[in-house]
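These notes concern the structure reproduced below.
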Amino acid sequence: MSHLEFKNVSFSINKKSNTKHILRNVSGSFKSGEMVAIIGGSGVGKTTLLNVLSGRILGGTLSGQVLFNGKKRDKKTFKKDVAYVEQDDVLFPTLTVKETISYAADFRLSNIDFNKHQKAERVRDVIKSLRLASVENSYIGDERNKGLSGGEKKRVSIGVEIVTQPRIFILDEPTSGLDSNSSLGIANLMKEIALMENLICISSIHQPSSKVFYTFDKVILMAPTCIIYFGTTKDSLEYFSSIGFNCPPLENPADFLIDIISIDYENSNNFKNSLDRIERLKRAWDEYTKINGHIYVPRKDLFDSIMSSTSRSAIPFLTKELYDSYELPSWRNSWYTEFISLLKRSWIRQLRDKYALTSLFFSSFFTMFLLGFTFFNQTSGIFEITNKIGLIYLIAVNMAIPVAIPLISVLTNEILVMTKERASGSYRMSAYFLSGILTVVPISLFSSFISLNGVYFLAKLQLSVYHYIIYILIYFSATLNSVGIAFVFSSISSKEQVASIYTSLILTIFIIYGGSLVNIDTVPIGLSWIRHINYVYYTYIAAIQNEMAGLTFECAKSTQQACFPTGEEVISVFKLDELPIYNCIIANFVMVIVLFLVSYLALRYKSKPNYILI
C-alpha cells in the first residue's frame with residue numbers, strides 16, 4: 001500500500017512587476033487502488049498540481065510538503081516510482097505497438113530483477129490488459145503514414161508508462177481529443193489498471209461525461225488557486241447540495257460542478273457573481289477542512305457544523321501505512337545495455353522511414369546527375385579552370401544545406417521523445433547521444449558518397465587513387481560538420497521551424513564567406529574572421545588544392561584572357577593556399593568534435609531540468 005500526501009502546497013511565479021499565484025495552501029491525500037480526477041476550468045492549476053505531485057515543477061516559488069509513504073521524496077529515485085502520461089502522445093511513428101512498449105521495458109526494467117523472458121512476458125501482459133493485442137504489430141503512424149486511432153495511441157502511451165510497474169500513475173487530460181466512447185474506454189482502462197496494479201492513479205480531465213465522471217473513485221474540484229472539494233464522486237452532489245447548490249435532475253453532474261466553480265467572463269455582472277460564488281464555495285470548504293480533514297466524509301450534521309464553526313477534533317480520514325521502500329539504484333541497466341537497445345531502435349526507425357530515406361537518396365542521385373552531366377564536357381584553358389573552381393564550390397555547398405536541413409525534422413521529433421523518456425530516468429544521455437550519432441552519421445555519409453562518387457567520375461576530376469581518397473575525405477568532413485550543425489540547433493530549439501531558420505541562416509553565412517563568392521581579402525576586418533570558423537571555406541580551399549595540384553592547362557595564344565598554365569599558379573593567384581590540405585581537414589574535424597560536444601551539452605541541460613521537490 002502506497003500513500004501520497006500533499007500539505008499546504010503553494011506555487012507562484014513572478015511576472016514582471018507582480019506575482020501570479022497558481023496554488024494557495026492546497027492539501028490532500030491519495031492511496032493505492034484509487035482513481036482520482038482533478039476537474040476545473042482552464043487555468044485554475046490542474047496541470048500545475050499534477051506537476052507538483054509528480055515532481056516536475058520548473059522555476060517559480062514552491063512551498064509546502066509532499067510526502068510519499070510518509071517521507072520526503074528523493075529526487076533520484078522518486079521519478080522511477082512515477083508514471084506520467086502527457087496530454088500529447090509522443091511516440092515514434094515507425095515503431096509497432098509491441099516494439100514501443102518493449103523498448104520502454106528494456107530501458108526502465110532492471111536487468112537484475114527482470115531477465116529477457118520476464119520482460120517479454122510483462123510486455124505481453126500490458127498489451128493484453130490494454131486490449132491492444134489485435135494491433136500489437138501495427139505501426140503507430142503519423143500524418144504521412146496510416147496507423148493507430150487516437151484512442152489506441154493513448155493506450156500505447158499508457159502502456160509505455162505502466163510496463164515499468166510504477167506506484168503512482170499520473171495522466172494529464174488523457175481523454176482530450178477523443179470521442180465519448182473512446183474517452184469512456186480509456187477511463188475504464190485506467191480504473192482496471194489502478195486496481196490490478198494497485199496504483200495511485202491521478203488524472204486531470206476536461207468536461208467528462210457522467211459515465212466517465214463516475215468511473216473515478218474520488219474527485220478534486222479546483223477553482224483558481226484552490227481546492228473547493230475533495231471526496232468521492234458519488235458524494236460530491238450531496239456536499240454541494242448541503243451548502244445550497246443543487247444539481248438539476250437531468251444535468252450531467254460534471255458539467256454542473258464545472259459551471260459552479262468556473263469564472264463567467266460573459267459580462268461584468270456574471271463575472272462578479274461567479275467570483276462571489278467561488279469565494280462562498282472556498283469559505284465553505286475551508287470551514288469543512290478545519291474540522292474534518294481534507295477529504296469529504298458525508299455527515300448528517302455537516303451543514304450545521306460548517307455554519308456554526310464549532311470546534312471539534314479532526315476526524316482521521318486515512319490510516320497511514322508507512323514503510324521503508326526499496327530504493328532502486330540510480331540507473332536500472334548498464335550503459336552498454338542502454339546503448340545497444342537505443343542503437344537498435346534508432347536504426348529500425350531510420351530504415352523504416354521510407355519517406356525520409358526516399359527523399360534523401362533521390363536528392364543524392366539528382367545532385368549526382370545534375371552536377372555530373374553539367375560539367376561532363378571538359379573545355380580547355382581558362383574555361384576549364386573556372387568550371388573546375390565552380391564545380392568544387394558547388395559540391396561544398398551541396399554538402400551543407402541539403403545535408404543539414406532534412407535532418408532537423410528527424411532530430412527535433414526524436415528529441416521530443418528523448419526528453420519525455422529521460423524525465424522518467426530511462427537511460428543515460430551519453431548512451432542516447434552516441435547511438436544517435438552512429439545512426440545519423442553513417443546514413444548521411446552514405447548519401448553523400450553516392451553524389452560525391454558519381455560527380456567525381458562524370459565530371460572527370462583527377463583520376464588517381466590518392467586524389468580520390470583525399471577528395472572523399474575532404475567532403476566527408478564537410479558532411480559531418482553539416483550534421484553537427486543540425487544536431488546543435490535541434491538540441492537548442494525544441495521547435496522544428498526555429499531550428500531550420502537558424503541552421504539555414506548560419507549555413508548561408510558560411511556559403512557567402514566560403515571563399516568563392518567573395519574575395520576574402522576584400523571583406524571588412526570585422527567580418528573576415530568568419531572564415532576561421534567556416535568549414536565551407538576549409539572544404540573549398542582543400543578541395544581546390546587537391547584537384548589543381550599537378551594539373552597543366554593549355555593557353556591559347558590568340559586569346560586576350562588571362563590564363564594559368566599550372567594548377568599551382570591557380571591556387572596562388574586566387575590565394576587558396578592559406579592552409580595546406582591536411583590542416584584544412586584537421587580543422588574541419590576539430591569543428592565536428594566541437595559541434596557534437598556543444599550539442600551533447602545542450603541536450604544534457606535540456607533533458608535534465610532542475611525540478612523543484614518539496
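Mapped onto the UniProt record's numbering, the consecutive letters of the sequence shown carry residue numbers 1 to 614.
Think of the CB as a built atom: it goes at the ideal place given N, C-alpha and C, for glycine as much as any other residue.
How is residue i classed by DSSP in three states: helix, strand or coil?
i	result
Met35	strand
Met190	helix
His294	coil
Gln65	strand
Gly141	coil
Ala83	strand
Cys563	coil
Lys608	coil
Lys460	coil
Val219	strand
Gly150	helix
Gly41	coil
Phe487	helix
residue 650	The question about residue 650 has no answer, for the chain in this structure spans 1 to 614.
Gly390	helix
Gly231	strand
Thr175	coil
Thr94	coil
Thr164	coil
Leu411	helix
Trp335	helix
Ile614	coil
Ile541	helix
So, for residue i: in the same chain, excluding its five sequence neighbours on each side, which residues have a beta-carbon less than 7 Å away from its beta-carbon?
i	result
Glu238	Pro298
Ser180	Ser209
Asn145	Pro93, Tyr139
Tyr468	Tyr456
Met368	Ile450, Ser451, Gly454, Val455
Ser102	Val123
Ser607	Met418, Thr419, Arg422, Met429
Lys119	Ala105, Asp106, Leu109
Ser443	The amino acid occupying residue 443 in the given sequence is Ile; Ser does not appear at that position. Closer than 7 Å at Cβ, skipping near neighbours: Gln350.
Phe339	Ala431, Leu434, Ser435
Asn51	Ile57
In the DSSP output, which residue or residues are listed as bridge partners for residue i?
i	result
Asn18	Lys15
Glu5	Ser29, Leu67
Thr225	Leu23
Ser10	Ser63
Cys201	Met35, Phe169
Ile581	According to DSSP, Ile581 bridges with nothing at all.
residue 617	For the chain, the structure presents residues 1 to 614; residue 617 sits outside this window and is missing.
Lys72	Leu67
Thr552	Thr566
What whole-angstrom Cβ distance do residue i and residue j have, given they're in contact under 8 Å?
i	j	result
Thr503	Ala486	6 Å
Val36	Phe216	6 Å
Glu547	Gln462	6 Å
Gly60	Phe11	6 Å
His3	Gly55	Wrong, their Cβ atoms sit about 16 Å apart, outside the cutoff.
Leu507	Ile401	5 Å
Val592	Asn481	6 Å
In chain order, what residues of the same chain have a beta carbon less than 8 Å from the beta carbon of residue i, not counting five sequence neighbours either side?
i	result
Lys15	none
Ile348	Thr94, Leu95, Glu99
Tyr540	Ile392, Tyr393, Ala396, Gly514, Gly515, Ser516, Leu576
Tyr475	Ile395, Ala396, Met399, Ser448, Leu452, Thr539, Ala543
Leu132	Val97, Glu152, Arg155, Val156, Gly159
Ser424	Lys79, Lys80, Val82, Ala83, Tyr84, Arg108, Glu161, Thr164
Excluding sequence positions up to five away, which residues of its chain have a Cβ less than 6 Å from the Cβ of residue i?
i	result
Val397	Ile511
Asn534	Phe510, Tyr513
Phe107	Ser426, Tyr427
Lys191	Met35, Thr215
Leu130	Arg155, Gly159
Return yes when at least one heavy atom of the ligand FAD lies under 7 Å from the C-beta of residue i, else no.
i	result
Ser110	Annotation note on the ligand FAD: not contained in the displayed structure, which lists no ligands.
Is the segment 142-160 close to the segment 63-82, with three or more CB pairs under 8 Å? no
Are three or more beta carbon pairs between the segment 490-500 and the segment 404-423 nearer than 8 Å? yes
Is the segment 274-283 touching the segment 248-264, taking contact as three or more C-beta pairs under 8 Å? yes
When you compare the segment 562-582 with the segment 382-393, are there three or more beta-carbon pairs, one atom per stretch, that lie closer than 8 Å? yes
Do three or more CB pairs link the segment 196-207 to the segment 43-50 at distances below 8 Å? yes
Does the pairing of the segment 289-296 with the segment 226-238 give three or more beta-carbon distances under 8 Å? yes
Should the segment 116-131 be called in touch with the segment 336-345, which here means at least 3 C-beta pairs below 8 Å? no
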